[in-house]
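Trainee: Using the working numbering, the letters of the sequence shown map in sequence onto residues 631 to 1320. Just so it is clear, CB atoms sit at the ideal spot from N, CA and C, and this is done for glycine as well. Just so it is clear, the structure is predicted and the values come from calculations on it, not from any experiment. Submitted below is the structure of interest, expressed as structure tokens.
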Amino acid sequence: MSSPGPGLNLAQLDAVNHLGGPSLVLAGAGSGKTRVITHKIGRLIQAGLAADRIAAITFTNKAAAEMRERAGHLVGRDARKVLICTFHALGVRLLREDGQVLGLKPQFSILDTDDITSLLKDCGGTTDANTARAWQWTISSWKAEGMTAADALKRAKDENERVTATIMARYEERLTAYQSVDFDDLIRLPLKLLGEHAEVREKWQKKLGHVLVDEYQDTNATQYELLKLLVGERARFTAVGDDDQSIYGWRGATLDNLKKLPIDFPQLRVIKLEQNYRSTSAILRAANHVIGPNPKLFPKTLWSDLGEGEPVRVVDADNEEHEAERAVARIQSLRANSQYKEWRDFAILYRANHMARSFEQALRRAQIPYKVSGGQSFFDKAEIRDLCAWLRLITNNNDDPAFLRAATTPKRGIGHTTLGQLGTFATQYKLSLFEALFSHSLPSAVNSRSITALHEFGRQVNDLEYRARHTVGHEAALAFLLQWLKDIGYEQYLYDSEENEKIAAARWTNVMDFIDWVAGRCGGKMEDDGAGVQVESERKSLLEVVQTIALISTLSDREQDQNVVTLSTLHASKGLEWPHVMLVGVNEGLLPFRTDDADSDLSAELLALRVQEERRLMYVGITRAQRTLAVSWLKRRKKGRESVPGTPSRFIKEMALDQATVKEDPREKLRALRAEFAQRAAAAPKPEAM
């Protein structure tokens, strides 16, 4: 294992070496927070803490994978034993191991968004997906606050909330009956598990000797309570975050968690990482000025020794089309006159998804390759997920989430009451739902009419599996799949479930594209071998192809390796960086975003908080840039079907680009830091043994 320390600056070393108690590492943008976390994992192992007693919690699977890889390079094989995962994956582990005390079987199902929407439509007696999604959003926010349906009903402010709370109660009953959980339950239920069962809590507190939390500023109330229960009184944890990059208040993240830390943990050590390794001084100065007006929990100022760099440029544009043309011209100019020649070196960032359209058109006209980051993957579409559920089930009959979706899409006389009874029976006898439906004891739990519908569905799945095993080659697979869609009535189901016929037709086109893609993978087609010779591709059975269905959703991840210009919302850009960034549509009403009708009801205090979060969003956008940054605004912008005069965002003025430049000497900054840390090291107590 490499010794943690080489290549770290003084503040980073301080964070890595603080082992004896709780610490908050305030990691400014580009200050090397992932490096600190991975080196601290190494330092903990070096100090004698077993690798399997360390947990590092992130917010995305991608971040967890990156951290796992970097930890592996640093500490070698021991990195495999470290629990590196998201909050929700940790919740899954807790529930798989100890959820039985809450009545959950280890093989409980995790419902996806479409499954939840379908369930809520049934619970609320509606066919309107938008209504169900509105209920889903409200219920999710209540669960993020740790509320049950009973809590929500008590606190309901109006009839709409009372109705939603009643639907939530039915929804919770269904989840229990189906032995299923939703995404929010993966935090709420582990919190209940640790809070109400002392023996489980003590087990996990002993098991985890140190917990590291990345992007701490993005935690919500229940995640913070879960962290407190995991670390207990010993409070061996490291929270790494940046209050200036807290941009997810709309989904429950709260800066209150940063405020509470020094109160709940008086021995908390606060360490600031202010040296930025990403951006030039000109870019950082603009970022520091923008974030300056926001109230500070822990004041800090980013600095860099990468040199002054190019000045930040402000560009005005006549309208959206003109702005897009100027962005394309800037990309072409920079490619011609700088060392950065790859398309992947450029990003165009904006506040809202709809703003991408004019840039896509301009890039296509200029024949510049691009991708829209954060857009919906083809394999995330509801109709594709429906079909994937069927295909997953015929390859793995024990896939309960796939069973629930396939059995109800399209509907075939198997209602939620029947599924609830089947779920209870399966839990009692420790069976999967598919195994349970053929049990000789099932009539004791489900009526004969429902059993007939279940058996018919089961026979259909078994028949599909048998035929798929013996269907080989493209033509046979295509015929089989088209007949299958006809047998289950999927086209009619799409048209019946959509009020807009054009939307239904578009969804059916997606289905046909998917069927062609699956059949094509079965081979037997004539293809060019690369030398101009036509050869027949390898033939595979349809079953062999669909056995890889679980990997399909990862195909879109390959886009990140493509050499293309990135178009992205500011929210989706967090954690990323590019040599050249264009921050576009920086107008009042767009950034900060404001909807006159919705905002008119907000108090002055809430409006101020909203502007503060929008300011942090601007700060995030600025600090994505490594070498150059251009900020553009519109003289006239579209608002609905109208074109209205545009005003530059207040954030452009706050960048203070017209002020006289005061250049810092990084050497003076480093000398002051060395003196500060030498004094602190001399006074620091020795850490307790691991």
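Put Glu-1095 into one of helix, strand or coil per three-state DSSP.
Mentor: Counted from its first residue, the sequence shown places residue 1095 at position 465. Here Glu-1095 sits in helix by DSSP.
Trainee: Since Tyr-1249 and Ile-921 should fall inside the 8 Å C-beta cutoff, what is the C-beta to C-beta distance between them, to a whole number of angstroms?
Mentor: For the purposes of this step, residue 1249 is identified with residue 619 of the sequence shown, where counting begins at 1. For the purposes of this step, residue 921 is identified with residue 291 of the sequence shown, where counting begins at 1. Right, the Cβ-Cβ distance comes to about 5 Å (below 8 Å), so this counts as a contact.
Trainee: Under 7 Å Cβ to Cβ from Ile-877, same chain only, skipping five residues before and after it: list those, please.
Mentor: In the sequence shown, residue 877 corresponds to position 247, counting from 1. Within the same chain, Ile-877 has close Cβ partners His-1201, Lys-1204, Glu-1243, Arg-1246, Leu-1247 and Val-1250.
Trainee: Could you check what DSSP says for Asn-1077 in three-state terms: helix, strand or coil?
Mentor: Here residue 1077 corresponds to residue number 447 of the sequence shown, with the count starting at 1. The answer is coil: DSSP assigns Asn-1077 none of H, G, I, E or B.
Trainee: Is DSSP giving Thr-1184 helix, strand or coil here?
Mentor: One-based indexing of the sequence shown puts residue 1184 at position 554. Note that Thr-1184 scores 36 on pLDDT, short of 50, meaning its location in the model is unreliable; the coordinates nonetheless yield the value given after this. The answer is coil: DSSP assigns Thr-1184 none of H, G, I, E or B.
Trainee: Taking C-beta to C-beta, are Arg-956 and Ser-1198 nearer than 8 Å?
Mentor: For this step, residue 956 is matched to residue 326 along the sequence shown. For this step, residue 1198 is matched to residue 568 along the sequence shown. No.
Trainee: Buried or exposed: where does Asp-644 fall if 16 or more other Cβ atoms within 10 Å of its Cβ makes it buried?
Mentor: Reading the sequence shown from its first residue, position 14 is the one you call residue 644. Counting Cβ neighbours within 10 Å, Asp-644 comes out buried, since at least 16 surround it.
Trainee: DSSP puts Pro-1278 in a beta bridge; with which residues?
Mentor: Here residue 1278 refers to the residue found at position 648 when the sequence shown is read from its first residue. Asn-1217, per the DSSP bridge assignment.
Trainee: Mapping the DSSP letters down to three states, classify Lys-735 as helix, strand or coil.
Mentor: Residue 735 sits at position 105 when you count from the first residue of the sequence shown. Reduced to three states, the DSSP call for Lys-735 is coil.
Trainee: Using 8 Å as the threshold, is the stretch 1123–1130 in touch with the stretch 1026–1035, meaning 3 or more CB pairs across them?
Mentor: Contact between the stretch 1123–1130 and the stretch 1026–1035 is absent, because fewer than three Cβ pairs lie under 8 Å.
Trainee: What separation, rounded to the nearest whole angstrom, lies between the Cα atoms of Glu-775 and Gly-871?
Mentor: For the purposes of this step, residue 775 is identified with residue 145 of the sequence shown, where counting begins at 1. For the purposes of this step, residue 871 is identified with residue 241 of the sequence shown, where counting begins at 1. Taking the straight line joining both Cα atoms gives about 21 Å.
Trainee: The alpha helix (DSSP H) with Val-722 in it runs from where to where?
Mentor: Against the sequence shown, residue 722 aligns to sequence position 92. Taken as a continuous stretch (DSSP letters only), the alpha helix (DSSP H) holding Val-722 covers 717–728.
Trainee: Between Ile-921 and chain B, is any beta-carbon pair separated by less than 8 Å?
Mentor: This model lacks chain B altogether, as it is built from one protein chain only.
Trainee: Determine the DSSP secondary structure at Gln-897, reduced to helix, strand or coil.
Mentor: Position 267 of the sequence shown, counted from the start, is the residue given in the question as residue 897. Note: Gln-897 maps to coil in three-state DSSP.
Trainee: Where are the alpha helix (DSSP H) runs, 4 residues long or more, that stay fully inside the stretch 1022–1079, in chain order?
Mentor: The qualifying runs are 1030–1038, 1046–1058 and 1063–1066.
Trainee: Quick one, are the C-beta atoms of Val-646 and Leu-640 less than 8 Å apart?
Mentor: The count along the sequence shown starts at 1 and reaches residue 646 at position 16. The count along the sequence shown starts at 1 and reaches residue 640 at position 10. No. Outside cutoff.
Trainee: For Tyr-980, which residues does DSSP report across the bridge?
Mentor: Locating residue 980 in the sequence shown gives position 350, counting from the first residue. Tyr-980 is bridged to Thr-1199.
Trainee: Run the CB neighbour count on Lys-663, radius 10 Å, all protein chains shown included, and call it buried at 16 or more, exposed below.
Mentor: Locating residue 663 in the sequence shown gives position 33, counting from the first residue. Buried is the call here.
Trainee: Kindly indicate the opening and closing residues of the alpha helix (DSSP H) around Tyr-1000.
Mentor: For the purposes of this step, residue 1000 is taken as the residue at position 370 of the sequence shown. Unbroken run through Tyr-1000 is the beta strand (DSSP E), 1000–1002; no alpha helix (DSSP H).
Trainee: Quick one, are the C-beta atoms of Tyr-844 and Ile-684 less than 8 Å apart?
Mentor: Position 214 of the sequence shown, counted from the first residue, corresponds to residue 844. Position 54 of the sequence shown, counted from the first residue, corresponds to residue 684. Per the sequence shown, residue 844 should be read as Asp rather than Tyr. Not in contact: Asp-844 and Ile-684 (Cβ atoms no closer than 8 Å).
Trainee: Going by DSSP, which residues form a beta bridge with Asp-946?
Mentor: Working through the sequence shown from its first residue, we reach residue 946 at position 316. Paired residues: Trp-1263.
Trainee: Rounded to a whole number of angstroms, what is the C-alpha to C-alpha distance between Gly-1153 and Ile-1024?
Mentor: Mapped onto the sequence shown, residue 1153 falls at position 523. Mapped onto the sequence shown, residue 1024 falls at position 394. Cα to Cα, Gly-1153 sits roughly 20 Å from Ile-1024.
Trainee: Considering only the alpha carbon of each residue, which of Arg-1267, Ala-828, Asn-924 and Arg-1254 lies closest to Ser-659?
Mentor: Your numbering for residue 659 matches position 29 in the sequence shown. First, the amino acid is wrong: residue 659 is Ala here, not Ser. Nearest option by C-alpha distance: Arg-1254.
Trainee: From the DSSP output, in three-state form, read off Ala-680 for me.
Mentor: As a working note, residue 680 is residue 50 in the sequence shown. Ala-680 falls in the coil class under three-state DSSP.
Trainee: Count the other CB atoms, across all protein chains shown, that sit within 10 Å of the CB of Asn-1193; report buried if there are 16 or more and exposed otherwise.
Mentor: The sequence position of residue 1193 within the sequence shown is 563, counting from 1. With fewer than 16 other Cβ atoms within 10 Å, it is exposed.
Trainee: Please confirm if the stretch 688–706 is in contact with the stretch 776–787, defined as three or more CB-CB distances below 8 Å between the two stretches.
Mentor: Judged by Cβ distances under 8 Å, the stretch 688–706 makes no contact with the stretch 776–787, as fewer than three pairs qualify.
Trainee: For the alpha helix (DSSP H) containing Ala-865, name the first residue and the last one.
Mentor: By one-based count along the sequence shown, residue 865 stands at place 235. Note, Ala-865: premise wrong, no alpha helix (DSSP H); not H, not E.
Trainee: Which one of Gly-1270, Leu-1236 and Leu-1221 has the shortest CA to CA distance from Lys-1283?
Mentor: Position 653 of the sequence shown, counting from 1, holds the residue named residue 1283. Nearest C-alpha to Lys-1283: Leu-1221.
Trainee: According to DSSP, is Phe-689 helix, strand or coil?
Mentor: Residue 689 sits at position 59 when you count from the first residue of the sequence shown. Coil at Phe-689, not helix or strand.
Trainee: Report all residues from its chain with a CB closer than 6 Å to the CB of His-648; omit the five preceding and five following residues, and keep chain order.
Mentor: The residue given as residue 648 occupies position 18 in the sequence shown. Hits under 6 Å: Arg-899.
Trainee: Check the DSSP bridge columns for Gly-871 and list the partner residues they point to.
Mentor: For the purposes of this step, residue 871 is taken as residue 241 along the sequence shown, with counting starting at 1. Leu-656.
Trainee: Under a three-way DSSP split, which group does Tyr-801 fall into?
Mentor: Mapped onto the sequence shown, residue 801 falls at position 171. Three-state DSSP puts Tyr-801 in a helix.
Trainee: Rounded to the nearest angstrom, what separates Ala-1098 and Arg-1035 at their Cα positions?
Mentor: The residue you call residue 1098 lines up with position 468 of the sequence shown. The residue you call residue 1035 lines up with position 405 of the sequence shown. The alpha-carbon atoms of Ala-1098 and Arg-1035 are separated by roughly 20 Å.
Trainee: Return the bridge partner residues of His-840 from the DSSP annotation.
Mentor: In the sequence shown, the residue the question calls residue 840 occupies position 210. Answer by DSSP bridge pairing, in chain order: Ile-684.
Trainee: With DSSP collapsed to three states, give me the class of Arg-1257.
Mentor: In the sequence shown, residue 1257 corresponds to position 627, counting from 1. If DSSP states are grouped into helix, strand and coil, Arg-1257 belongs with the strands.
Trainee: My output table needs one value for His-1210: the three-state DSSP class, helix, strand or coil.
Mentor: Within the sequence shown, numbered from 1, the residue matching residue 1210 stands at position 580. Correct three-state label for His-1210: strand.
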